[in-house]
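Here the structure comes first, spelled out in C-alpha cells, and everything after it is commentary.
Numbering (the UniProt record's numbering), first residue to last: 1 to 497.
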C-alpha cells in the first residue's frame with residue numbers, strides 16, 4: 001500500500017472515531033480536543049466552521065484545542081490561520097487561553113498568547129509572555145519561561161522589564177510568586193533606575209488581587225529597608241483599597257486592620273462606613289460597623305445621613321441593613337431639606353427598587369421640595385434611567401403638575417437637555433406642552449433658548465407652533481438669541497412655504 005493510501009486510510013479511521021464519539025459536540029470541536037491537525041484540516045475542508053460556538057457552553061474549536069496537550073499547539077496554529085478568532089469568549093466569558101491555563105497546558109497557552117498579540121498587529125515578546133504568566137499567577141508556567149530563556153537576551157529586552165515584572169507580581173501574584181522573583185530570579189532592586197521604586201511597588205501591593213497584600217508587605221519589609229512611615233502608609237493604603245473591592249476577604253482585611261487599627265480614617269472626605277456604603281459594599285460596611293459602632297450616626301459635610309448615602313449609591317439590601325441598625329427612614333437632611341426619596345431618585349441602578357420597597361408608607365413626602373426647589377421627581381428626570389425611577393415615584397403619587405420657577409416638568413427636562421425624560425413626561429401628560437413657562441414663554445421658546453435641534457424638531461412634530469408668540473408678542477424667531485435656533489426655525493418656515 002502506498003504512503004498516501006495509508007495516510008487516507010488512517011484519516012478515515014480517525015474521522016470515524018470522531019463521528020462515533022463526539023456526541024452532541026460538533027466534529028471539529030471534538031477533533032480539536034482529542035485528535036490532530038490533519039483531522040481538523042480535513043473537517044475544515046469538508047465545511048466545518050472554525051468560529052462555530054457549540055451548545056450551551058458557547059466554546060469555539062479553539063477552546064477545545066487549548067485542552068489538547070499532545071497536539072493543541074499545532075491545531076491552534078492551523079485554526080488561527082483559517083480565521084479562528086483568539087478573543088472569542090464562551091458563555092462564562094472565558095477565552096481559549098483560560099482553558100489552556102486551567103488545564104496546565106503550557107505550549108497551547110503560549111501559542112494562544114502569541115496569536116492574541118500578532119493576530120491584530122501587535123508584538124509578541126518573551127518578557128510579555130512571562131508578564132502574562134505572572135498576571136495569571138501561574139508560577140509553573142513562569143518558571144518554564146524563565147528557565148528556557150534566562151540565558152538569552154530576549155527575556156530582559158529593556159532595562160525596566162525586571163521592575164515591570166516585579167510590579168506585576170505584587171499586584172496580581174501571591175507571596176510565593178513574589179518570593180520566587182526576588183530570591184530565585186534574583187531581581188536586583190539596586191539596579192532599578194527609578195529611585196521611587198519602593199513607593200511604586202507598595203502601590204502595586206496595595207492593589208493585590210490574591211488577598212495576600214499583608215503577607216507580601218511583611219515579606220518586603222523584612223527583606224528591604226522601609227521607613228516606619230512607608231510601612232504605616234502601605235498597610236493603610238492596602239486596607240482602604242481592600243474595603244472597596246468586590247472580592248471581600250475577611251481574613252485579609254483583619255490582618256491589614258491589625259496594622260492600621262484606626263477606624264477614624266477618611267477616604268475622599270468620607271468616614272470608612274460612608275465610603276463602604278457609597279461603594280455599595282455591604283460586607284465591608286458590616287466589618288467597619290463591627291469595629292466602630294459610632295460611625296453609623298455621623299453626618300457627612302453636606303448634611304446627608306448614612307441612610308441617604310445608601311439611597312443614592314446602594315441597593316435595597318444595604319439600605320435594609322442600615323434600617324435594621326436603627327437608621328431613621330424619616331430623617332431629613334437639615335442643610336438641604338432633602339429626604340431619602342430625593343437621594344433614591346438619583347440612584348441609577350437601584351433607585352426604583354428602593355423607592356418601591358421603602359416608599360410605600362412615605363407618600364406624604366413624595367412631593368416635598370429641597371433647597372433647590374426640586375421634588376424627588378425632578379432628580380429622577382435627571383437620572384439616566386429615569387423611566388423606572390420616575391415610574392416608581394409616580395406610583396407613590398408624585399405630582400406632574402408641580403412647577404418650579406414657573407416651569408413645568410416638561411420645561412424642566414428641556415432646560416436640562418434631557419430629551420428622553422421630556423418624551424417620558426409628555427407621554428404622561430400631553431397638556432404640559434401647551435403650558436407657558438417662566439416669563440410667559442411657550443415650550444418652544446424655552447427650547448430655543450436652550451437649543452438642541454432634536455428637541456426642537458420633536459416639539460414641532462408634537463404640535464408646538466413656531467409662530468406662537470410670548471406674552472410680550474414675540475415669536476420664537478424674534479425672541480431667541482441662539483443663531484442655531486434661528487437657522488433651524490428659518491428652515492421650518494422655508495419648508496412650509
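Where a beta carbon is used, it is the ideal one built from N, C-alpha and C, also for glycine.
Beta-carbon spacing of residue i, residue j below 8 angstroms
i: residue 27; j: residue 64; result: no
i: residue 265; j: residue 235; result: no
i: residue 399; j: residue 367; result: yes
i: residue 14; j: residue 35; result: yes
i: residue 425; j: residue 381; result: yes
i: residue 114; j: residue 138; result: no
i: residue 243; j: residue 282; result: no
i: residue 155; j: residue 189; result: no
i: residue 204; j: residue 225; result: no
i: residue 173; j: residue 134; result: yes
i: residue 37; j: residue 74; result: yes
i: residue 108; j: residue 68; result: yes
i: residue 333; j: residue 303; result: yes
i: residue 248; j: residue 280; result: no
i: residue 246; j: residue 175; result: no
i: residue 489; j: residue 458; result: no
i: residue 500; j: residue 348; result: One cannot answer for residue 500 here, as it falls past the ends of the chain, which runs 1 to 497.
i: residue 354; j: residue 284; result: no
i: residue 55; j: residue 24; result: yes
i: residue 288; j: residue 263; result: yes
i: residue 336; j: residue 298; result: no
Nearest-angstrom Cα separation, counted from residue j out to residue i
i: residue 91; j: residue 61; result: 14 angstroms
i: residue 233; j: residue 116; result: 39 angstroms
i: residue 397; j: residue 301; result: 31 angstroms
i: residue 222; j: residue 231; result: 11 angstroms
i: residue 237; j: residue 217; result: 11 angstroms
i: residue 373; j: residue 465; result: 30 angstroms
i: residue 169; j: residue 163; result: 10 angstroms
i: residue 40; j: residue 120; result: 24 angstroms
i: residue 21; j: residue 145; result: 36 angstroms
i: residue 152; j: residue 79; result: 30 angstroms
i: residue 57; j: residue 187; result: 42 angstroms
i: residue 167; j: residue 149; result: 20 angstroms
i: residue 497; j: residue 345; result: Caution applies to residue 497, whose pLDDT of 48 falls short of 50 and renders its modelled position unreliable; the model cannot decide the point.
i: residue 350; j: residue 343; result: 11 angstroms
i: residue 401; j: residue 429; result: 9 angstroms
i: residue 1; j: residue 8; result: Low per-residue confidence applies at residue 1: pLDDT is 49, beneath 50, and the placement is therefore not dependable, though the value from the model is reported in the following sentence. C-alpha separation (whole angstroms): 11 angstroms.
i: residue 184; j: residue 252; result: 27 angstroms
i: residue 290; j: residue 200; result: 32 angstroms
i: residue 484; j: residue 212; result: 59 angstroms
i: residue 434; j: residue 462; result: 10 angstroms
i: residue 122; j: residue 207; result: 28 angstroms
i: residue 72; j: residue 259; result: 48 angstroms
i: residue 450; j: residue 338; result: 28 angstroms
i: residue 157; j: residue 210; result: 28 angstroms
i: residue 43; j: residue 10; result: 14 angstroms
i: residue 427; j: residue 269; result: 42 angstroms
i: residue 47; j: residue 140; result: 38 angstroms
Contact set for residue i: own chain, Cβ-Cβ below 6 angstroms, skip 5 residues either direction
i: residue 240; result: 267
i: residue 437; result: 406, 407, 411, 446
i: residue 30; result: 18, 22
i: residue 195; result: none
i: residue 59; result: 90
i: residue 202; result: 234
Supposed close pair residue i, residue j - CB separation, criterion 8 angstroms
i: residue 422; j: residue 410; result: 6 angstroms
i: residue 112; j: residue 66; result: 6 angstroms
i: residue 460; j: residue 492; result: 7 angstroms
i: residue 477; j: residue 487; result: Going by Cβ atoms, the distance from residue 477 to residue 487 rounds to 10 angstroms, so no, they are not a contact pair.
Same chain, Cβ closer than 8 angstroms to residue i, neighbours up to 5 away in sequence not counted
i: residue 307; result: 319, 322, 323, 327, 328, 329, 331, 340
i: residue 142; result: 130, 133, 134, 177, 180
i: residue 317; result: 282
i: residue 309; result: 274, 277, 278, 300, 343
i: residue 455; result: 414, 417, 419, 422, 447
Cβ neighbours of residue i in the same chain (closer than 7 angstroms, five flanking residues each side left out)
i: residue 388; result: 352
i: residue 390; result: 377, 380, 381, 424
i: residue 479; result: 445, 470
i: residue 357; result: 316
i: residue 191; result: none
i: residue 77; result: 111
i: residue 99; result: 63, 66, 67
Chain C contact for residue i (CB, 8 angstroms cutoff)
i: residue 414; result: Here there is only one protein chain, and chain C is not present.
Exercise. Any contact of the stretch 51–67 with the stretch 83–99, i.e. 3+ C-beta pairs under 8 angstroms?
Worked result: yes
Problem set entry | Touching by the beta-carbon criterion (3+ pairs, under 8 angstroms), the stretch 350–370 and the stretch 291–302 | no
Exercise. Is the stretch 462–472 touching the stretch 438–447 in the sense that three or more CB pairs, one from each, lie closer than 8 angstroms?
Worked result: In short, these stretches touch, since the Cβ pair count reaches three.
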